[in-house]
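>
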Amino acid sequence: MHMNPKVLAALAAVGLAIYVLVPNLFYAALPLLVLAACPLSMFLMMRMMSGGKKDPTEPGSEAVAFSSAREERGA
Numbered sequence: 002m003h004m005n006p007k008v009l010a011a012l013a014a015v016g017l018a019i020y021v022l023v024p025n026l027f028y029a030a031l032p033l034l035v036l037a038a039c040p041l042s043m044f045l046m047m048r049m050m051s052g053g054k055k056d057p058t059e060p061g062s063e064a065v066a067f068s069s070a071r072e073e074r075g076a
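This note's numbering runs 1 ahead of the 1-based position in the sequence shown.
1) Between which residues of its own chain and residue 27 is the CB-CB distance below 6 Å, once the five residues before and five after are set aside?
2) Distance check for residue 39 and residue 7, CA to CA, integer angstroms please.
3) If I measure Cβ to Cβ from residue 15 and keep anything under 7 Å in the same chain, skipping five residues before and after, which residues do I get?
4) With respect to the alpha helix (DSSP H) encompassing residue 32, which residues constitute its N-terminal and C-terminal limits?
5) Excluding sequence positions up to five away, which residues of its chain have a Cβ less than 7 Å from the Cβ of residue 45?
6) DSSP on residue 21, reduced to helix/strand/coil?
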């Protein structure tokens, strides 16, 4: 199981805050925090993987520059 450390730290902080502020709800909230770990980690991973990518059809991108170079060579 690979979980994002940022997600786990955030969920631990939320769990600790619930435990300190409203101790009666801690055991009721614990299963929800465990269930939320996987989707939140997946969402964060997808955002991090697609964060630096540009649209390949956008002018100035590498894909457009590569296809223009191939057309100029006649390949």
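Every residue, glycine too, gets a C-beta built ideally from N, C-alpha and C. Just so we're clear, the structure is a prediction, and the values are computed from it rather than from any experiment.
For this structure:
1) Start at 1 with the first residue of the sequence shown, and residue 27 comes out as number 26. Closer than 6 Å at Cβ, skipping near neighbours: 19 and 20.
2) Within the sequence shown, residue 7 is the residue found at index 6, counting from 1. Within the sequence shown, residue 39 is the residue found at index 38, counting from 1. The straight-line gap from Cα to Cα measures roughly 12 Å.
3) Translated into positions along the sequence shown, residue 15 becomes position 14. Correct list, in chain order: 34.
4) Locating residue 32 in the sequence shown gives position 31, counting from the first residue. Segment 27 to 51, the alpha helix (DSSP H) holding residue 32.
5) Locating residue 45 in the sequence shown gives position 44, where the first residue counts as 1. 5, 7 and 8.
6) Residue mapping note: residue 21 aligns to position 20 of the sequence shown, counting from 1. Residue 21: helix per DSSP, three-state reduction.
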